[in-house]
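Going line by line, the protein sequences match chains A and B.
Sequential numbering from 1258 applies to the first sequence in our numbering.
Sequential numbering from 136 applies to the second sequence in our numbering.
By construction, the Cβ of each residue, glycine as well, lies at the ideal position given by its N, Cα and C atoms.
Only a predicted model underlies this, so the values are computations on that prediction, with no experimental measurement involved.
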Amino acid sequence: MKCSLASASTAVAAFMLYASQAQAQTPPPPDLVNPRVEIEYVKPKNADFEAIYDRLRARKVLETLRQFLAPLKFKEGQKLVVKFDECGTTYFRYQRRGVVAVCYEFVDQIERLAPTSQVRLIQTQGRPPVKPDAALVGPVVQALIHEVAIGVFDLFEIPVWGRQDDAADRVAALVLLQFSKYDLAWNTIVGTAWFLAGSALAPPDLSDVRGVTAQRYYTTLCIAYGGNRRIFGGFVAAERPSDPSPAAGDLPNVRARGCPEEYTTVRDAFSAAVAPHLDQDLLKQVQVVQWIQFND
Amino acid sequence: MPHVTQLKRATWFRRAAAAAVLAAASVSISSMPAKAQAELRNDKIKFDYYEPRDPKLLPLYERLQRRRVLEELSQFLAPVRWPKTLRLIMKECPAGTQRPEVIYSSVERSISICYQLLAFLGSLQPQPAFATQQEVIVGGLVGAVLHESARAIFDMLNIPRLGDDGDAADQLAAFIGLQFGEDVARVMVKGSYFVWKRYDDEIAAAERQYDFSARSSVPRQRMYNTLCIAYGGSPTTFKAFVDQGDLLSSRAENCADEYRRVQHAFQKTIVPHIDAVMMAKARSTKWISPDDFR
Chain A
1258 MKCSLASAST
1268 AVAAFMLYAS
1278 QAQAQTPPPP
1288 DLVNPRVEIE
1298 YVKPKNADFE
1308 AIYDRLRARK
1318 VLETLRQFLA
1328 PLKFKEGQKL
1338 VVKFDECGTT
1348 YFRYQRRGVV
1358 AVCYEFVDQI
1368 ERLAPTSQVR
1378 LIQTQGRPPV
1388 KPDAALVGPV
1398 VQALIHEVAI
1408 GVFDLFEIPV
1418 WGRQDDAADR
1428 VAALVLLQFS
1438 KYDLAWNTIV
1448 GTAWFLAGSA
1458 LAPPDLSDVR
1468 GVTAQRYYTT
1478 LCIAYGGNRR
1488 IFGGFVAAER
1498 PSDPSPAAGD
1508 LPNVRARGCP
1518 EEYTTVRDAF
1528 SAAVAPHLDQ
1538 DLLKQVQVVQ
1548 WIQFND
Chain B
136 MPHVTQLKRA
146 TWFRRAAAAA
156 VLAAASVSIS
166 SMPAKAQAEL
176 RNDKIKFDYY
186 EPRDPKLLPL
196 YERLQRRRVL
206 EELSQFLAPV
216 RWPKTLRLIM
226 KECPAGTQRP
236 EVIYSSVERS
246 ISICYQLLAF
256 LGSLQPQPAF
266 ATQQEVIVGG
276 LVGAVLHESA
286 RAIFDMLNIP
296 RLGDDGDAAD
306 QLAAFIGLQF
316 GEDVARVMVK
326 GSYFVWKRYD
336 DEIAAAERQY
346 DFSARSSVPR
356 QRMYNTLCIA
366 YGGSPTTFKA
376 FVDQGDLLSS
386 RAENCADEYR
396 RVQHAFQKTI
406 VPHIDAVMMA
416 KARSTKWISP
426 DDFR
């Protein structure tokens, strides 16, 4: 199958997310955990979300996240609460209390858009195809890092220039890029891109403080391409030696040219503003763990 | 200065330019206290007026020099401790230059204001109930210059930006515009709003699609972002934008928070690079006078 992200994004709901008890090949040490990060799977009232609730719990998504966030250095009395919750909408706006939430409605939307079988795109030639599990796990992981970033900006009083949600998207892409060793960066970012491309068909709300979905799609890919041109070059037509004709879902050349600088800008800002709040020894431990093993 | 009768005979372009020049870059030197003029000085800022090739622009070139527009902009930017020389240039720009035609170049460390921008601003026709044409000209120019000045600040002071540069510059421009009194704030916000609305109207009229693949926010988003910072920072002054539906209430309810975040970022990242004494002088200076809108 060869198609563009945009045209291939109407896949039906999948059933395999979180069902299996996949464990990382390099599991995180048991003591690698951040006690200041509290987690909660809020039981949904809507029975439609019970299966999602069960799958997320079975896969220990938040327990893994709490380990992943071990390097965060909270001040005395601070804590970050991360939860899956039924929100009544797909998005829960952060309210400055150290509580971040990803909504079951959002996960449901991800499941509806994920493909049920592997999809080979023009952009993925020479790389792994879009895998169903990556298209499910990628956007969930991205959303968690995005929301945690917003909570961290607030709790640590990190100065954020630019729109907060856009900054959180850039930070999420930057973080995901650090895990290219096990193809995690590729799978999570391409999975996220798949979801965003599918969601971008909805009418944009230009008055919203958040960027529209299409902008989030291009920005995520831009940071990825800017940070690792070798892996993500397939998203720029001119870098596809076998098929350099433009395709839907490509990063346009005019944007792509500036992506290395966009990547450098967010990387340097992260180093200056976020890194001081990270325990460097714990960060090294985090960086060698394979945090996700995809089921497919 | 030309006589009034001369102005009346001038082309629309010259009239627009004349109006814009009156308060370009947010300043009116005639209204500035002499002491402030003398002390708002930074040797790291150089300026130059390039003579245009287009003879139609020559009167504008001459008038801008007489009005000391770049001298005044250099005073406005004087409180920043620039690590390298910043050049302010007034010039004729090549056709096809991105709009609005004020450009910060990180290579040259320069802010170029194109004569052509004044022509565009002069073509704007706001409803009288919203603003006078002169207010929109002055505010549009101030907004565009502040935006590129913000880019210069971010780049030259190496300020961390986790979000997009363009959005960040819009935030900083709006925030700065709110710090010099209600008159400056109102004119800057109205002018910026009207410029972004005009660009958005042009997209709609031409039935063009928004370019969401571009790095920058689209004009309508930039319009809302600027309004939101303004309303968040001064809800009384800008309440009318919410009442009239220009800024949706769903966005407006979070604008105080958006403003607070920008204020926090300003305090933490920009203030350490500001000369506090000069900044106090700049803030106490009356940059725009009623004469500017005549």
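Which stretch, first to last residue, makes up the beta strand (DSSP E) that contains residue i?
{"i": "Tyr184 (chain B)", "result": "180-184"}
{"i": "Val1359 (chain A)", "result": "1356-1360"}
{"i": "Leu1458 (chain A)", "result": "Segment: none, Leu1458 (chain A) is in no beta strand (DSSP E) and carries neither H nor E."}
{"i": "Ser83 (chain B)", "result": "Beyond the ends of chain B as shown, which are 136 and 429, falls residue 83 (chain B); an answer cannot be given."}
{"i": "Pro1428 (chain A)", "result": "It should be noted that the sequence gives Val, not Pro, for residue 1428 (chain A). It is not in any beta strand (DSSP E) - Val1428 (chain A) instead sits in the alpha helix (DSSP H) that spans 1421-1434."}
{"i": "Tyr1298 (chain A)", "result": "1294-1298"}
{"i": "Ser245 (chain B)", "result": "245-249"}
{"i": "Val237 (chain B)", "result": "237-240"}
{"i": "Arg396 (chain B)", "result": "Counting along the chain, Arg396 (chain B) falls outside any beta strand (DSSP E), though it belongs to the alpha helix (DSSP H) covering 390-400."}
{"i": "Lys226 (chain B)", "result": "221-226"}
Are the Cβ atoms of residue i and residue j separated by less than 9 Å?
{"i": "Asp335 (chain B)", "j": "Arg355 (chain B)", "result": "yes"}
{"i": "Ala1327 (chain A)", "j": "Val1543 (chain A)", "result": "yes"}
{"i": "Ile423 (chain B)", "j": "Val280 (chain B)", "result": "no"}
{"i": "Leu221 (chain B)", "j": "Val330 (chain B)", "result": "no"}
{"i": "Val1299 (chain A)", "j": "Lys1340 (chain A)", "result": "yes"}
{"i": "Thr324 (chain B)", "j": "Thr267 (chain B)", "result": "Reading off the sequence, residue 324 (chain B) comes out as Val, not Thr. For Val324 (chain B) and Thr267 (chain B), no; Cβs fall outside 9 Å."}
{"i": "Arg1427 (chain A)", "j": "Glu1519 (chain A)", "result": "yes"}
{"i": "Thr372 (chain B)", "j": "Arg321 (chain B)", "result": "yes"}
{"i": "Gln262 (chain B)", "j": "Cys228 (chain B)", "result": "no"}
Would you kindly report the start and end of the unbroken alpha helix (DSSP H) that includes residue i?
{"i": "Cys1344 (chain A)", "result": "Careful: Cys1344 (chain A) lies outside any alpha helix (DSSP H) and carries neither H nor E."}
{"i": "Glu1519 (chain A)", "result": "1516-1526"}
{"i": "Glu270 (chain B)", "result": "268-291"}
{"i": "Ser384 (chain B)", "result": "384-387"}
{"i": "Ile1480 (chain A)", "result": "1470-1484"}
{"i": "Asp305 (chain B)", "result": "300-312"}
{"i": "Trp331 (chain B)", "result": "317-340"}
{"i": "Asp1538 (chain A)", "result": "1537-1544"}
{"i": "Phe376 (chain B)", "result": "374-378"}
{"i": "Thr361 (chain B)", "result": "354-368"}
{"i": "Ile1407 (chain A)", "result": "1389-1412"}
Of the choices the options, whose alpha-carbon is the least far from that of residue i?
{"i": "Ser247 (chain B)", "options": "B:Val377, B:Trp422, B:Leu382, B:Lys181", "result": "B:Lys181"}
{"i": "Tyr1361 (chain A)", "options": "A:Arg1487, A:Leu1458, A:Leu1393, A:Ile1488", "result": "A:Leu1393"}
{"i": "Arg1350 (chain A)", "options": "A:Asp1411, A:Ala1513, A:Val1545, A:Gly1506", "result": "A:Asp1411"}
{"i": "Pro1509 (chain A)", "options": "A:Thr1476, A:Thr1521, A:Ala1529, A:Asp1536", "result": "A:Thr1476"}
{"i": "Thr1321 (chain A)", "options": "A:Gly1345, A:Lys1388, A:Arg1377, A:Val1398", "result": "A:Val1398"}
{"i": "Ile409 (chain B)", "options": "B:Tyr185, B:Arg188, B:Tyr184, B:Leu212", "result": "B:Leu212"}
{"i": "Asp1465 (chain A)", "options": "B:Lys421, B:Ser352, B:Pro263, B:Thr267", "result": "B:Ser352"}
{"i": "Ile1208 (chain A)", "options": "A:Thr1445, A:Glu1333, A:Lys1388", "result": "In the structure as shown, chain A begins at 1258 and stops at 1553. Residue 1208 (chain A) is therefore absent and cannot be evaluated."}
{"i": "Glu186 (chain B)", "options": "B:Val412, B:Gly326, B:Asn360, B:Lys226", "result": "B:Lys226"}
{"i": "Thr1381 (chain A)", "options": "A:Arg1353, A:Arg1487, A:Gly1491", "result": "A:Gly1491"}
{"i": "Met291 (chain B)", "options": "B:Ala230, B:Pro218, B:Glu337", "result": "B:Pro218"}
{"i": "Ser1374 (chain A)", "options": "A:Tyr1520, A:Asp1426, A:Pro1386", "result": "A:Pro1386"}
{"i": "Gln269 (chain B)", "options": "B:Lys374, B:Val204, B:Gly326, B:Asp392", "result": "B:Gly326"}
Using only the alpha-carbon positions, how far apart do residue i and residue j sit?
{"i": "Val1293 (chain A)", "j": "Pro1284 (chain A)", "result": "Looking at the sequence shown, residue 1293 (chain A) is not Val but Arg. Distance between the alpha carbons of Arg1293 (chain A) and Pro1284 (chain A): 21 Å."}
{"i": "Leu253 (chain B)", "j": "Asp1390 (chain A)", "result": "55 Å"}
{"i": "Val1493 (chain A)", "j": "Ala304 (chain B)", "result": "28 Å"}
{"i": "Leu193 (chain B)", "j": "Gln200 (chain B)", "result": "11 Å"}
{"i": "Leu1463 (chain A)", "j": "Ser1456 (chain A)", "result": "15 Å"}
{"i": "Phe265 (chain B)", "j": "Gly1408 (chain A)", "result": "39 Å"}
{"i": "Asp1536 (chain A)", "j": "Lys1330 (chain A)", "result": "6 Å"}
{"i": "Ile164 (chain B)", "j": "Ala340 (chain B)", "result": "With a pLDDT of only 30 at Ile164 (chain B), under 50, the local geometry of the prediction cannot be trusted, and no value is derived from it."}
{"i": "Met358 (chain B)", "j": "Gly1419 (chain A)", "result": "14 Å"}
{"i": "Ile1296 (chain A)", "j": "Arg1323 (chain A)", "result": "8 Å"}
{"i": "Lys416 (chain B)", "j": "Phe315 (chain B)", "result": "11 Å"}
{"i": "Cys1344 (chain A)", "j": "Phe1363 (chain A)", "result": "9 Å"}
{"i": "Val156 (chain B)", "j": "Gly278 (chain B)", "result": "Its pLDDT being 37, under 50, Val156 (chain B) is placed unreliably in this model, and the coordinates cannot settle the point."}
{"i": "Phe1489 (chain A)", "j": "Glu1404 (chain A)", "result": "24 Å"}
{"i": "Ala365 (chain B)", "j": "Asp381 (chain B)", "result": "13 Å"}
{"i": "Tyr1439 (chain A)", "j": "Gln1335 (chain A)", "result": "33 Å"}
{"i": "Ala171 (chain B)", "j": "Arg202 (chain B)", "result": "Any reading at Ala171 (chain B) needs caution, since the residue's pLDDT is 47, under 50, leaving its predicted position unreliable; the model's value is listed next. Ala171 (chain B) and Arg202 (chain B): Cα-Cα distance of roughly 17 Å."}
{"i": "Ala1530 (chain A)", "j": "Thr1522 (chain A)", "result": "12 Å"}
{"i": "Thr1347 (chain A)", "j": "Val1357 (chain A)", "result": "13 Å"}
{"i": "Lys1388 (chain A)", "j": "Gly1395 (chain A)", "result": "10 Å"}
{"i": "Arg1514 (chain A)", "j": "Pro295 (chain B)", "result": "21 Å"}
{"i": "Ala1495 (chain A)", "j": "Pro1501 (chain A)", "result": "5 Å"}
{"i": "Gln1547 (chain A)", "j": "Gly1506 (chain A)", "result": "29 Å"}
Contact between the segment 1431-1441 of chain A and the segment 308-319 of chain B (3+ Cβ pairs under 8 Å): no
Touching by the beta-carbon criterion (3+ pairs, under 8 Å), the segment 1448-1457 of chain A and the segment 1363-1376 of chain A: yes
Segment contact flag, the segment 399-410 of chain B with the segment 1477-1485 of chain A, C-beta cutoff 8 Å, min 3 pairs: no
Segment contact flag, the segment 281-301 of chain B with the segment 388-395 of chain B, C-beta cutoff 8 Å, min 3 pairs: no
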